[in-house]
Amino acid sequence: MNRVLRYLFFGVAAVLLQTLLVPGLALVGQVPDLVVIFAVIVGAYEGSVAGSTAGFLVGLAVDIYHPPTFGAGVMAATVAGYLGGKARIVLDLDHALNQMVVLAAARIAHDLVYALVGALQGSVTPLPWLLRGTFGGAVYTALVGVAALALAGLVRQRKPVSDRR
Amino acid sequence: MPRFPGIPRSRREELILVGLLLFGALLAAVPRPATTRFAHDLLAGGNAFLLQAFGWAFDLGADARENVELRREVMELRLALSDLEETRRQNTRLRQLLDFTQSRGTAILTGAEVIGRGDGRQAFAVTVSAGTADSVSYNMPVVTADGLVGRIDREPGRHTAIVSLLSDPSNAVAAIIERSRVQGVFQFVNGEGRLLHVLQAADVQPGDRVRSSGLGGIYPEGLMIGSVVSVEDDPDGVTRRVVIEPAAALDRLEEVFILTSGGRL
């Protein structure tokens, strides 16, 4: 129960920070995605079911905050959380480089899904949107995410679980 | 007991993913209900509140920084004000000296600053920034706008000179009461200025002004020495004990004039 409450707290914090603080952290027009980071961390620690559920919930919260693409964020963050859970099977997430690869891939997958759904809704022009923020944002997200994973490791006092088989 | 009997674990994860994605697609497809708009308004309102709170906190930080900066500026301004006040006081003194020099007769005055106290042996002297290069020589009277200060003691240097103050017990000035023309000798005795050799019958009252009489040969006539503070009969039954407060502030001298020419003051 404590664990769920802890994830709930960090999920709410991720949504609030993403909507409040992150726009002010833009570097050369690129911003990190804390929602993706949160979903990947939950996936890395708890598995892909928990990761996709966490992504679904935080994506919903962000979508509520940004209604024009309602539903797009839900699906995108769900995919990101799922990838985080799957990554621990194929990669050793103890290493920062692997963490960065997973985080960057999750951000790119998130943006692809978001752009696709947003395009179907008529609220996003996919290609310019992807070219403008996805790849730089993936690098930024990976860097911030590695720091967040290190912090998560301190909080939980253990590394992300590796299910490599 | 397994939660999803009959479905392999790996498939379960994909199944849940698909379910969530379908739910998300449904959310994306249907028009937003009123509850969603309410949730949005609530979240946006909460965000606006938090933004205001953050802004307030940042403002407090900025205020604190501004406060420190303002305190520093206040300190600097106080120092500047202090400098200005000192300059104003100096200006006032110099104006008085200027008025004094303009009101003098044919005497030539040489201005000098007090650059030292004492002459190394006694406390009744000051060093001034004028010497033989400024035509200053031994025994020349030294004055301020308020009155007589003393005289040049010993041969001056090229750019400095030592002034023996009136408070030096070895200095004596031939003096006269301005009102009654009673004459005497002004001299410091036991740490106080006295007008000596004044007979008990002489007309001397507290408040009388005392000037140099010019009889001594060093100080010209008319220089303000001070004023009478008290008058008492001496026990000898012949003279009076007349205490004089010097007009010049001998312990706070900053600028002085040396009478470098023997004209009349």
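Protein chains in written order, with this note's numbering: chain X, 7 to 171; chain P, 466 to 730. Note that the Cβ used here is the ideal one computed from N, Cα and C, for glycine as well. Just so it is clear, the structure is predicted and the values come from calculations on it, not from any experiment.
Straight-line gap, residue i to residue j (C-alpha atoms, nearest Å)
i	j	result
P/Ala637	P/Leu549	39 Å
P/Thr597	P/Leu688	23 Å
X/Thr140	X/Arg113	7 Å
X/Gly57	X/Gly79	15 Å
P/Glu578	P/Val694	29 Å
P/Arg536	X/Leu33	36 Å
X/Ala110	P/Val483	22 Å
X/Gln127	X/Gly53	31 Å
P/Ala494	X/Ala121	15 Å
P/Glu551	P/Leu718	15 Å
P/Leu631	P/Thr592	14 Å
P/Gly691	P/Asn655	17 Å
X/Leu99	P/Glu538	55 Å
P/Leu730	P/Arg582	For P/Leu730, the predicted model reports a pLDDT of 49, less than 50, meaning its position is unreliable and no value from the coordinates is stated.
P/Ala590	P/Pro621	13 Å
X/Gly77	X/Val145	25 Å
X/Val108	X/Lys92	10 Å
P/Val601	P/Leu724	8 Å
X/Thr147	X/Asp39	6 Å
X/Leu136	P/Leu542	57 Å
P/Ala712	P/Val675	9 Å
X/Gly124	P/Asp528	43 Å
X/Val46	X/Val18	15 Å
P/Ile558	P/Leu680	It is worth fixing the name first, because residue 558 of chain P is Arg in this sequence and not Ile. Cα to Cα, P/Arg558 sits roughly 30 Å from P/Leu680.
X/Asp117	X/Gln36	13 Å
X/Thr29	P/Ala490	The sequence given here places Pro at residue 29 of chain X; Thr does not occur at that position. Taking the straight line from one Cα to the other gives about 27 Å.
P/Pro700	P/Val650	19 Å
X/Leu11	P/Met540	53 Å
P/Asp599	P/Ile580	16 Å
P/Gly612	P/Glu534	48 Å
X/Gly159	P/Ala545	57 Å
X/Leu26	P/Gly510	12 Å
X/Phe16	P/Leu508	17 Å
P/Gly728	P/Gln670	For P/Gly728, the pLDDT reaches just 49, beneath the cut-off of 50, and the residue's location in the model is therefore unreliable, although a value from the coordinates is still provided. Cα-Cα distance, rounded: 31 Å.
Contacting residues, own chain, Cβ-Cβ under 8 Å from residue i (five flanking each side not counted)
i	result
P/His562	Reading the sequence as shown, one finds Leu at residue 562 of chain P and not His. Same-chain partners within the cutoff: Gly576, Thr609, Ala610, Glu720 and Phe722.
P/Gln652	Pro634, Asn636, Ala637, Val638, Gly658, Arg659 and Leu661
P/Arg616	Asn604, Met605, Pro606, Val607, Val628, Ser629, Asn636, Ile683 and Tyr684
P/Phe436	Here chain P covers residues 466 to 730 and nothing more, so residue 436 of chain P does not appear.
X/Thr131	Ala125
P/Ala595	Thr575, Gly576, Ala577, Val601, Pro621, His624, Thr625, Ala626 and Ile723
P/Arg619	Tyr603 and Ile627
Those residues which DSSP pairs with residue i across a bridge
i	result
P/Thr592	P/Gly581 and P/Ile627
P/Arg676	P/Ile641 and P/Met689
P/Glu710	P/Ser692
P/Asp618	P/Ile627
P/Ile723	P/Thr575 and P/Val607
X/Asp117	None, per the DSSP bridge assignment.
P/Asp698	P/Arg705
P/Arg659	P/Gln652 and P/Val708
P/Leu613	P/Val608
X/Gln36	X/Leu33
P/Leu664	P/Thr704
Beta-carbon neighbours of residue i, restricted to chain X and to distances below 7 Å
i	result
P/Ala490	Gly77 and Met81
Contacts of residue i in chain P (Cβ-Cβ under 7 Å)
i	result
X/Phe44	Neighbours of X/Phe44 on chain P: none; closest Cβ ~16 Å, over 7 Å.
Interface partners of residue i on chain X, CB under 9 Å
i	result
P/Glu478	Gly53, Ser54, Val55, Ser58, Tyr88, Gly91 and Lys92
P/Ala527	Result: empty, since nearest Cβ-Cβ is about 15 Å, beyond 9 Å.
Neighbourhood of residue i by C-beta distance below 6 Å, restricted to the same chain and skipping five residues each side
i	result
X/Val152	Ala102, Gln105 and Met106
P/Glu697	Arg706
X/Val119	Met81, Ala82 and Val85
P/Gln665	Asp698 and Arg705
P/Arg468	Residue confidence is low: P/Arg468 scores 49 on pLDDT, short of 50, so the model does not pin down where it sits. No coordinate-derived value is stated.
P/Arg644	Asp673
P/Ala667	Val647
Per-residue contacts from residue i into chain P (C-beta, under 9 Å)
i	result
X/Val123	Gly489, Ala490 and Ala493
X/Ile47	The premise fails here: X/Ile47 is roughly 17 Å from chain P at the closest Cβ pair, so nothing lies under 9 Å.
Beta-carbon neighbours of residue i, restricted to chain X and to distances below 8 Å
i	result
P/Leu546	Correct list: empty, because the minimum Cβ distance to chain X is about 42 Å.
P/Leu515	Leu22 and Leu26
Partner residues on chain P for residue i, Cβ-Cβ distance less than 8 Å
i	result
X/Leu31	Correct list: empty, because the minimum Cβ distance to chain P is about 14 Å.
X/Thr84	Leu482, Leu485, Leu486 and Gly489
X/Phe62	Leu485, Phe488 and Gly489
X/Gln127	Ala493
Close-in-space but distant-in-sequence residues of the same chain around residue i (CB under 7 Å, 5 per side omitted)
i	result
X/Val41	Ala20, Val21, Gln24, Val64, Gly65, Val68 and Ala83
P/Met466	Low local confidence applies: a pLDDT of 40 at P/Met466 is under 50, so the model's placement there is unreliable, and no value is given.
P/Leu715	Val614, Leu630, Leu631 and Ser632
P/Ser678	Ala639, Ala640, Ile641, Gln648 and Glu686
Any non-hydrogen atom of the ligand GDP within 7 Å of residue i CB
i	result
P/Val669	Within the structure as shown, the ligand GDP is missing, as the structure has no ligands at all.
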